[in-house]
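Participant: Sharing a structure with you now.
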Amino acid sequence: MNALELTGVTLTYEGSGRGVRALDALVMSVEQGEPVSVIGPSGCGKSTMLLVSAGLLTPDEGEVLAAGRRLTGVRRETALILQDYGLLPWKTVWDNAALGLRVRGASRKEAGEVALGALERVGLLEFARAYPGELSGGMRQRLALARAVALDADLLLMDEPLSALDALTREDLQDVLLDLWRRRGHAQVLVTHSIEEAVYLGRRVLVMSPRPGRIAAVVENAEMGEAGFRSSALFHERCVWLRSLLAGEGALHPGASAGDSDVTYAESTASTGGVV
Amino acid sequence: MNGLSRRLAGYLGATAALLAGWFALSALIDSPALPSPVVALPEFVSQASALLPEAGVSLWRVVAAMAWGTALAVPLGLGLGRSARADAIFAPIVFLTYPVPKVVFLPVFLVLLGLGDAPKIALIGFIVFFQVLVTARDAAKAVPEASVLSVRSLGASRMDIARYVVVPAAMPDIFTALRIGTGTAIAVLFLAESIAGTDGLGWYIVDAWGRIDYPAMFAGIIAMALLGVVLYEALDAVEARVTRWRRLSR
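Which chain is which? The protein sequence lines are A and B, in order.
Going by the numbering used here, 555 is the number at position 263 of the first sequence; the sequence numbering is gapless.
Going by the numbering used here, 261 is the number at position 91 of the second sequence; the sequence numbering is gapless.
In C-alpha cells:
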C-alpha cells in the first residue's frame, strides 16, 4: 500500500476564454515513509499536483489514493506546507502551531500541549508567544513545519517551502527537514525549483514535463540521507544528471516558454547551470 | 508607560495650539457668536452639571447606534465578500444605495419613530451600517487566498475559516471604518438632536443658540467635541488590543 498514488489524474482550470490543462493523465506514487522530490519547469502543474494530493482540488479524471483509500476531501493525516508558509499573522506562534489540531476538534489544552512539543522539536519553544511577523523567514518556515509535526502527519506535502529563504538559512532548513524525516519516517512530497535541494531531500526525484504535467523522468537516489552525502562526488553527479534531464524538458533552455505544451526543446542538452 | 505619556504630551500640545488659535480668531472676529476660550471654558466648567445628563443621553445614542449598525454589517459584509453568489445578488443593491445620503431620511424616521431615542439610534445606526458593510465586504474579498488554503488544508469548515481567517483578517479595516464612522455619527447626532427632541447635546447647543447665550452654546460645543474624542480614543484602545499582532509585526 502506497502513501500516495495518483492514477491518470487530469485537471483543467476553467479560465476566462479557454481552459488550461494543468495535469494530463498524471501517474505517480509515493511509498510509505518515502521522501520524494518533484522538480520541473515553471507552470508545469507541480502545485496543482500537490493541491490534488492534499484533497483541496478534485481531478476531472483519474483517481487519488492516500494510504490506500480514495481521497474525497482533506485527509486528517496529510499536512500541506505552502510557499508562503500559510501562517496566520494574527495568531501567536503557539496558536499557529496548534491550529491544525484545533480545527480537527482537539481541546485548547490538548492542542496547546502537542503544539508546544512540536515547537520544541523545531527549536521555536522560546518564541511561542511571539507573532509570525516578529520571526525571520527561516523561523517562520520552522513554524510551518511545527504545525505539520503537531498534526502527526504520515504524509507531508510541501510546495517550494524554502524558496523565499537566503542560501544559508535554506541549507539549515534542509537539514531540519531531513532530520524530521529521519526521526518521524513520514512519506513526503517536496516540490522544489532547486536541483541541489531535490537531490538532497528526495530518495527519488521526479522530473515533470512542461504543462500539461506528466512525470517525464525519475532519478533514483537511494543514497539520499547518508552522512556526508551533500559533499560527496555522487551528490554532484546526481545534480549534473538531473540538470541534463531538466534541460531536456526545456526547463533550462534560454528563452524557452515554460508554459508551452509543445515540447520541441528536447534536443537541447546544454547544461546551462544555475537554479531553475 | 512611555507610549501613553508621549500620547498625553501630544494631546496637551495640540490642545494648547487649538486654544491659542481659538483665542486669536475670537479676538480677530470680535463677535459674541465666537466667544474667547477665556469666557467659554469657565462657562463649560460651571455648566458641567447641566451638560452631563445631556452628554449621557447623546453618548448612549451614538454607542447604541454604532453597536447595532456594526453588529449587523460585519457578518453581512463578510458573508458578501466570501460568497460570490450572494455578492452577485446583493452587491448591486449595496452600490446603488451606498451613495444615497441616508441623513435625508431623518424626517421619515421622525414621523415613524417619534421624537425620543429611537429615530436617532435608527438613523445613525443605518449610516454606520452602510459604512461598515462596504468596508467589511471589501476586506473579506482581500483576505489572502493562501491563508484560506492553508487553513482549509487542515480540514477547516467554512465556519472555521470565518473564525480563524476572515474575521481577524478583516478586523483592522473594520476598525478604520468605525473610527471614520464616529465623526459621521456625531455629525448626524447633532443634526437629529437639534431638529427634534428636548434632550442631548445637539438640543442643548441649539437651545442656547436660540436664547442667544453664546457662552452656553460653546460649552455644549466643547462637550460634543469631547464626546467625539472619547469615542475615537475608546475605539483606538479596543483596536490596539484586538489587532495587537499588527503593531508587533512592524
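Beta carbons are placed, not taken as given, at the ideal position from N, Cα and C, and that holds for glycine.
#1: Give the secondary structure of Ile-294 of chain B by DSSP, where H, G and I count as helix, E and B as strand, and everything else as coil.
#2: Hey, does Asp-446 of chain A have any beta-carbon neighbour from chain B nearer than 9 Å?
#3: Between Ser-553 of chain A and Leu-534 of chain A, what straight-line distance do the alpha-carbon atoms span, to the nearest angstrom?
#4: So which residues of chain B does Gly-378 of chain A contact, with C-beta pairs closer than 8 Å?
#5: Pick out whichever of B:Val-400, B:Tyr-402 and B:Val-376 has its Cα sitting closest to the Cα of Ile-391 of chain B.
#6: Is it buried or exposed for Val-568 of chain A, if we count other Cβ within 10 angstroms and need 16 for buried?
#7: Excluding sequence positions up to five away, which residues of its chain have a Cβ less than 6 Å from the Cβ of Arg-439 of chain A?
#8: Please list, in chain order, the residues of the stretch 171-200 of chain B that have any C-beta partner in chain A closer than 9 Å.
#9: Tell me which residues of the stretch 287-315 of chain B have at least one Cβ-Cβ distance to chain A shorter than 7 Å, keeping chain order.
#10: Using 9 Å as the threshold, is the C-beta distance between Leu-447 of chain A and Ala-371 of chain A below it?
#11: Once DSSP output is grouped into helix, strand and coil, what is the label at Val-406 of chain A?
#12: Beta-carbon within less than 6 Å of Ser-206 of chain B's beta-carbon, same chain only, minus the 5 sequence neighbours each way: which residues are those?
#13: Classify Arg-361 of chain A as helix, strand or coil using the three-state DSSP reduction.
#14: Which residue comes first and which comes last in the alpha helix (DSSP H) that contains Pro-327 of chain A?
#15: Taking 9 Å as the CB-CB cut-off, is Thr-304 of chain A touching chain B?
#16: Kindly indicate if chain B contains any beta-carbon less than 9 Å away from that of Glu-572 of chain A.
#17: Could you tell me the alpha carbon to alpha carbon distance between Gly-347 of chain A and Val-395 of chain A, rounded to whole angstroms?
#18: Out of B:Ala-366, B:Leu-248, B:Phe-265 and B:Asp-330, point me to the one whose CA is closest to Leu-285 of chain B's CA.
#19: Check for me: the beta strand (DSSP E) holding Ser-321 of chain A runs from which residue to which?
#20: Assign Tyr-305 of chain A to one of three DSSP states: helix, strand, or coil.
#21: List, in order along the chain, the chain B residues whose C-beta lies closer than 7 Å to that of Gly-335 of chain A?
#22: Nearest by alpha-carbon distance to Tyr-377 of chain A: which of B:Val-358, B:Ala-393, B:Leu-324 and B:Ala-187 is it?
#23: According to DSSP, which residues form a beta bridge with Thr-299 of chain A?
#24: For Ala-490 of chain A, which option in A:Trp-473, A:Ser-501, A:Met-516 and A:Arg-474 has the closest C-alpha, if you only look at C-alpha atoms?
#25: Less than 9 Å between the beta carbons of Val-273 of chain B and Leu-303 of chain B, yes or no?
#26: Measuring only the C-alpha atoms, how far is Leu-276 of chain B from Pro-342 of chain B?
#27: Thr-484 of chain A lies in the alpha helix (DSSP H); which residues open and close that run?
#28: In whole angstroms, give me the CA-to-CA distance for Ala-218 of chain B and Val-278 of chain B.
#29: Name the residue from A:Val-322, A:Asp-451 and A:Ala-539 whose alpha carbon lies nearest to the alpha carbon of Ala-359 of chain A.
#30: Is the Cβ of Ala-326 of chain B closer than 9 Å to any Cβ of chain A?
#31: Mind checking whether Gln-480 of chain A and Leu-449 of chain A have CB atoms under 9 Å apart?
#32: So the alpha helix (DSSP H) Thr-350 of chain A belongs to, where does it begin and stop?
#33: Find out if the Cβ-Cβ distance for the pair Gly-429 of chain A, Ala-403 of chain A is shorter than 9 Å.
#34: Can you tell me which of B:Leu-242, B:Trp-230, B:Leu-266 and B:Ala-179 puts its alpha carbon nearest to the alpha carbon of Ala-288 of chain B?
#35: Going by other Cβ atoms of all chains shown within 10 Å of its Cβ, with 16 needed for buried, is Ala-543 of chain A buried or exposed?
#36: Would you verify that the beta carbon of Tyr-492 of chain A is, or is not, closer than 9 Å to some beta carbon of chain B?
Facilitator: For this structure:
#1: In the structure shown, Ile-294 of chain B sits in a helix (DSSP, three-state: H, G or I).
#2: no
#3: Caution is warranted here: a pLDDT of 37 is assigned to Ser-553 of chain A, below 50, making its placement in the model unreliable, and the coordinate value is therefore given only provisionally. The straight-line gap from Cα to Cα measures roughly 21 Å.
#4: Ala-316, Ser-317, Leu-319, Ser-320, Val-321 and Ser-323
#5: B:Val-376
#6: Confidence at Val-568 of chain A is low in this model, with a pLDDT of 39, below 50, so its placement is unreliable and no value can be given for it.
#7: Cβ within range, chain order: Ala-389 and Gly-392.
#8: none
#9: none
#10: yes
#11: helix
#12: Excluding residues within five positions, the ones whose Cβ falls inside 6 Å are Phe-193 and Ser-196.
#13: strand
#14: Note, Pro-327 of chain A: premise wrong, no alpha helix (DSSP H); beta strand (DSSP E) at 327-331.
#15: Contacts with chain B at 9 Å (Cβ-Cβ) do not include Thr-304 of chain A.
#16: The requested residue 572 of chain A is not part of the displayed model; chain A covers only 293 to 568.
#17: 16 Å
#18: Ranking B:Ala-366, B:Leu-248, B:Phe-265 and B:Asp-330 by Cα distance to Leu-285 of chain B puts B:Ala-366 first.
#19: 312-322
#20: strand
#21: Taking the beta carbon of Gly-335 of chain A as reference, no residue of chain B falls within 7 Å; the closest one sits roughly 18 Å away.
#22: B:Leu-324
#23: In the DSSP output, where bridge partners are listed per residue, Thr-299 of chain A has A:Glu-355.
#24: A:Met-516
#25: No. Outside cutoff.
#26: In this structure, the CA atom of Leu-276 of chain B is about 31 Å from the CA atom of Pro-342 of chain B.
#27: Premise fails: Thr-484 of chain A is in no alpha helix (DSSP H) and is neither H nor E.
#28: 34 Å
#29: A:Val-322
#30: At least one chain A Cβ lies under 9 Å of Ala-326 of chain B.
#31: yes
#32: Neither: Thr-350 of chain A is in no alpha helix (DSSP H) and is coded neither H nor E.
#33: no
#34: B:Trp-230
#35: buried
#36: no
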